[in-house]
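Chains as they are written, first to last, in my numbering: chain Z, 25 to 317; chain H, 642 to 1024; chain B, 137 to 412. Beta carbons are placed, not taken as given, at the ideal position from N, Cα and C, and that holds for glycine. See structure below.
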Amino acid sequence: MKGYSLKELREAAPFLLPLTIFIVAFILVPVLGTIVDSMYLDVTFLKTRFTGLGNYLWMINNPGFWQSLGFTLLFVLVSVPLEIILGLIFALLLNENTAVRGLLRACVLIPWAIPAAISARTWELIYNYNHGLANFFWTKLGNSTSPINWLGSELGAFTSLVIADAWKTTPFVAIIILAGLSAIPEELYRQAQVDGANLFQRFSKISLPLIRPALIVALIFRTVDALRIFDIVYVLTHGGPGGATTSLSLYGYNYFLIGDFGYGSAVSVVLFFIAFILSITYVKIGRFGEELR
Amino acid sequence: MKLRLVRLSKKFVSARGSVLAVRDIDLETTESEFFVLLGPSGCGKSTVLNLIAGLEKPTDGEIWFGEKLAASNDKKVFLTPKQRNVAMVFQSYALYPHMSIFENIAFPLKVAREGKASIQESVSRVSSMLGISHLLRAKPGELSGGQRQRVAIGRAIVRQPSIFLLDEPLSNLDAQLRTATRMELKALQRQLEITTVYVTHDQVEAMSLGNRIALLSDGDIVQVGSPEELYNKPANAFVAKFIGSPPMNLLKVDLFKENDSCWISIGRQKIKVDGFNTPRRLAPKRYLLGIRPEDIAVHDRSEQHDLKCQLLSVEPLGRELLLQVGLENQDLTILTTDIRYAKAKAGINLNLLLDLTRMHFFEQDDEQKVVFSPHSNWTRKTE
Amino acid sequence: MTEQQIKRLLIVAGSLFMLIFSLAPFFYMIATSLSSNPYFLSAASKLSLTLNNYHAILTTPSLHFLDYLRNSLIVSAVSAVFTILIACLAAYSLTRLKIPGKLFILFFVLAVSMFPQISLISYLFKVMTEVGWVNTYSALILPYIAWTLPLSLWILVSYFNQIPQDLDKAGLIDGCSRWQILRRIILPVAAPGIFSTTLLAFIFAFNEFMFALMLTTDYHARTIPVGIALFQGLHGQTPWGNIMAAATLSTLPLVILTLIFQRRIIQGLTRGALKG
Chain Z
25 MKGYSLKELR EAAPFLLPLT IFIVAFILVP VLGTIVDSMY LDVTFLKTRF TGLGNYLWMI
85 NNPGFWQSLG FTLLFVLVSV PLEIILGLIF ALLLNENTAV RGLLRACVLI PWAIPAAISA
145 RTWELIYNYN HGLANFFWTK LGNSTSPINW LGSELGAFTS LVIADAWKTT PFVAIIILAG
205 LSAIPEELYR QAQVDGANLF QRFSKISLPL IRPALIVALI FRTVDALRIF DIVYVLTHGG
265 PGGATTSLSL YGYNYFLIGD FGYGSAVSVV LFFIAFILSI TYVKIGRFGE ELR
Chain H
642 MKLRLVRLSK KFVSARGSVL AVRDIDLETT ESEFFVLLGP SGCGKSTVLN LIAGLEKPTD
702 GEIWFGEKLA ASNDKKVFLT PKQRNVAMVF QSYALYPHMS IFENIAFPLK VAREGKASIQ
762 ESVSRVSSML GISHLLRAKP GELSGGQRQR VAIGRAIVRQ PSIFLLDEPL SNLDAQLRTA
822 TRMELKALQR QLEITTVYVT HDQVEAMSLG NRIALLSDGD IVQVGSPEEL YNKPANAFVA
882 KFIGSPPMNL LKVDLFKEND SCWISIGRQK IKVDGFNTPR RLAPKRYLLG IRPEDIAVHD
942 RSEQHDLKCQ LLSVEPLGRE LLLQVGLENQ DLTILTTDIR YAKAKAGINL NLLLDLTRMH
1002 FFEQDDEQKV VFSPHSNWTR KTE
Chain B
137 MTEQQIKRLL IVAGSLFMLI FSLAPFFYMI ATSLSSNPYF LSAASKLSLT LNNYHAILTT
197 PSLHFLDYLR NSLIVSAVSA VFTILIACLA AYSLTRLKIP GKLFILFFVL AVSMFPQISL
257 ISYLFKVMTE VGWVNTYSAL ILPYIAWTLP LSLWILVSYF NQIPQDLDKA GLIDGCSRWQ
317 ILRRIILPVA APGIFSTTLL AFIFAFNEFM FALMLTTDYH ARTIPVGIAL FQGLHGQTPW
377 GNIMAAATLS TLPLVILTLI FQRRIIQGLT RGALKG
């Protein structure tokens, strides 16, 4: 290796060893193990045998798989833009130098700090048909507005998930964008004001372009997280009604529950590859960006 | 301790290719010498310092600390900084921000596991020597730049190192403080008698501090010598221009012989350079004439050896004036104490008299080596 | 209206919306926990305040609330501490020592953090069953350490990069080994950043759900997110009051941490995400 001495490498090795051990043992090996297992008929109480792509073939013909794939992709498509826009708005507000800025930031952060599984139960109550907060306000909108079957209808369940997820993850997006915003020097805005730009123009011509890197980072993180959504789906809708809101993670998990590790692993592998493609793309974009720098 | 560098080289390899930062440097200091590494940014002087310290490994060559070999790629020797017992003062001072001044200075002793009493004694000795005893309990963040610098020096000398390395330690101080600290550093070094290698880009600093100076450019040593040597006998035009402020003028002139006399022509003007230790043995051709601004006189009488020029600008420097003049499409800088010219207008004609005993001639090629230097004791040559 | 006034109006209205949006579910949770009737919104009955719910979850052993909470706190704290230690070592070497492929290592670790948990869980479950660790602290702590390492590493690398390399050089000159430099110089100087990162690691571990769901079976090791998720009533009626009380109590430490250390948390998160 050019430029590196054996002695220096030996000096550095112990510092990196624990990291390597944990990542390999508890992430890489399990993933590989799952990929291998997906090629087996692996169901408890049945004899395990190699089936190659058998699980995958079964998956293609399984409407449940397509339903959960469809839901997952639709969920990503709807929730991510919503969270980005909301996060942008929050970031703009949190960037303002108000007296209560610290308090505002702390309050906005709270949804992010609370475990999704726990807040999901609160949402479960909020979306309760007869007694929940959501219908309480919804029916107040008009005298004859009927309550929405949030958790019992497909559209309602979907919407309730999107809202609950946005509630939890918007703070994260907001913070990322906020960091980008606060890096913009004040002089740029003042200069623009002097040049005659109005509020909206200052936003679209200065803020927006300069926070592009932050937006991209938030976009990538949120997309991957939305793809692997599990916690709120499990607790809030249990994947229903009728499997309409079963994310791919939950779909695979359900098969683990009934002991079909082979097929569940196959589902995990599919999800893994979708996320993998995305993360590789991110690495490529990231490295390309580094080199540009 | 005599520091010796033998054919020292350092190549840096990065993703963008390799850079030879230090090329084949040979150097030897005397005992307790104050040795200065001088040069513009990027010339490799800091790299040489890091190599001496043991913070970098040489690509080639050897480093000797007296009789002990400190680093050699061929002989597979490399002593760590700890083993070399070097002390270093960084440009940023590199004080440990979380420790008090006392702990900062005591740190090397603590690492060497000295006893508490001994540490206490050493630190108070050094801190009183440097006048910072009253700051021992403060943290670096609370100190001024000058105070921090003293602490850095204190930390360096507290364990009596074999060699004292300084990397542009004065460049972060304001001008006034710099001059005062310079004198103190010089006195300190003389008192401690430790071999010192001092890196700077400021030639004024180098000239005032160093017993000897090595001027570097692009990883090479251009010239080594005492300040007087570098000033009076620059080895090439680079040295001539680097040393001395304001810098030496370099004029393109043609040397020719006429009727057994030596003349130089500048543009359409010419002057006879006979009657002194003239550069008779030089071949008649184009040279670079080096003459310092203080060796040119301005006057209004017309004489045989006058050069006529036009005034471009006047810069008052207190008790001196800096005049920029145009001579036959070339610019000259003149330093004069004749304050009559303080209000002179640009464009007026002036007469210049060059002190021909202070002329240097350089080849007009890539290397620009010196071919003729004024002798310190010139004798008038008679025909 | 002038532009200034429009801006002010937008900010006030927007901030109000943001505040209500962020805190409403949280306050609803607290209100329900303090009410004897969780359905107080519909029954048009007054919100009759009571501490019965809290009393119930704290004193009913079969609900195991305190067990779950204890498990969560221990597991999260232990894994956070170990994660930070390991990440400090790695971050130090990545920012200071000569290692080939530093950038690759960092991005690889980042890519690893994007793996879906579901693709790890079956293998982990099988292994844990094999060694008999299912439903023990080890079954959670070890995967948690690995799971929170990538983000911790990125954030710490960003903090360590800020510490001038001259300090290391001074340490070497003063006679320290690399290990001593880390221990005596870098760690103390980076202490605030390390603290922020530990906070984040703790929050991450505390919030984790899927591993805990699959790798624990009862109150011996089950964590509070799972406990509350599975909290069902005995006779078909969901005990919302109790659930909300449990939720409030278990999220209270997190909320307090967030309120106090808001600045540090935000700083740590932005470094981790934007250094990429």
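In the structure shown, histidine 262 (chain Z) falls within a coil segment according to DSSP collapsed to helix, strand and coil.
At a cut-off of 9 Å between C-beta atoms, isoleucine 321 (chain B) counts as an interface residue with respect to chain H. Below the 7 Å Cβ cutoff, chain B contributes Gly150 as neighbours of isoleucine 113 (chain Z), in chain order.
Looking from the CA of phenylalanine 196 (chain Z), the closest CA among Z:Gly126, Z:Trp147 and Z:Leu112 belongs to Z:Leu112. The way I'd put it, the segment 823-841 of chain H does touch the segment 670-678 of chain H; three or more beta-carbon pairs between them come closer than 8 Å.
A check of alpha carbon separations from proline 300 (chain B) across B:Ala326, B:Lys234, B:Val263 and B:Leu185 identifies B:Ala326 as the nearest.
For the C-beta of threonine 394 (chain B), the chain Z residues within less than 7 Å are, from N- to C-terminus, Ala130, Leu133, Ile134 and Ala137. Annotated as proximal: leucine 335 (chain B) and glycine 404 (chain B), with beta-carbon spacing under 9 Å. Judged by pairs of C-beta atoms under 8 Å, the segment 243-262 of chain B touches the segment 329-348 of chain B, as three or more such pairs exist. Taking all protein chains in view, the Cβ of lysine 651 (chain H) is crowded by 16 or more other Cβ atoms within 10 Å, so the residue is classified as buried. The distance from the Cβ of serine 741 (chain H) to that of alanine 797 (chain H) is about 17 Å, inconsistent with a contact at the 8 Å cut-off. One alpha carbon belongs to alanine 141 (chain Z), the other to histidine 155 (chain Z), and they sit about 21 Å apart. Taking 4 residues as the shortest admissible run, the segment 254-303 of chain B contains the following complete alpha helix (DSSP H) segments, listed from N- to C-terminal end: 254-266 and 273-297. With a 10 Å radius around the Cβ and a threshold of 16 neighbouring Cβ atoms, asparagine 990 (chain H) comes out exposed.
Within 10 angstroms of the beta-carbon of glutamine 298 (chain B) lie fewer than 16 other beta-carbons, which makes it exposed.
In the structure shown, the three-state DSSP call for glycine 658 (chain H) is strand.
For glutamate 139 (chain B), the chain Z residues whose Cβ falls inside 7 Å of its Cβ are Asn222 and Leu223, in order along the chain.
Among the residues facing chain Z, asparagine 343 (chain B) is included, as its CB has a counterpart in that chain under 9 Å away. Interface annotation for the segment 161-175 of chain Z against chain B: empty, criterion Cβ-Cβ distance under 9 Å. Cβ proximity to chain Z below 8 Å picks out Ile360, Pro361, Val362, Ile364, Ala365, Phe367 and Trp376 from the segment 357-378 of chain B.
Residue pairing by DSSP places proline 957 (chain H) opposite H:Leu962 in a beta bridge. A direct Cα-to-Cα measurement between glutamine 817 (chain H) and valine 845 (chain H) gives close to 14 Å.
Within chain B, the residues Phe244, Val245, Val248, Ala282, Leu285 and Pro286 have their CB atoms less than 9 Å from the CB of isoleucine 47 (chain Z), given in chain order. Around arginine 125 (chain Z), the same chain offers Leu118 as residues with beta carbons nearer than 8 Å, after the five sequence neighbours per side are excluded. Cβ contact annotation for threonine 194 (chain Z) (same chain, cutoff 7 Å, sequence separation greater than five): Glu107, Leu110, Gly111 and Phe114, in chain order. The C-beta of lysine 723 (chain H) comes closer than 9 Å to at least one C-beta of chain B. For the segment 742-773 of chain H, the set of residues with a beta-carbon nearer than 7 Å to any beta-carbon of chain B comprises Phe748, Pro749, Val752 and Ala753, in chain order. CA-CA distance, leucine 385 (chain B) to phenylalanine 157 (chain B), rounds to 21 Å. DSSP links glutamate 870 (chain H) through a beta bridge to no other residue. Aspartate 808 (chain H) has H:Val840 as its beta-bridge partners, per DSSP. The Cβ-Cβ distance between leucine 116 (chain Z) and isoleucine 402 (chain B) does not fall below 9 Å. Taken through DSSP and simplified to helix, strand or coil, asparagine 714 (chain H) comes out as coil.
Taking the Cβ atoms as the reference, phenylalanine 201 (chain B) lies roughly 7 Å from leucine 194 (chain B), within the contact range of under 8 Å. Annotation for isoleucine 862 (chain H): Ile666, Asp667, Leu668, Ala855 and Leu856 place their beta carbon closer than 8 Å to its own, counting only its chain and skipping 5 residues before and after. Membership of lysine 31 (chain Z) in any beta strand (DSSP E) is not indicated; the residue belongs instead to the alpha helix (DSSP H) covering 30-47. Using a Cβ-Cβ cut-off of 9 Å, tyrosine 80 (chain Z) does not count as an interface residue toward chain B, since no Cβ of chain B sits closer than that to its own.
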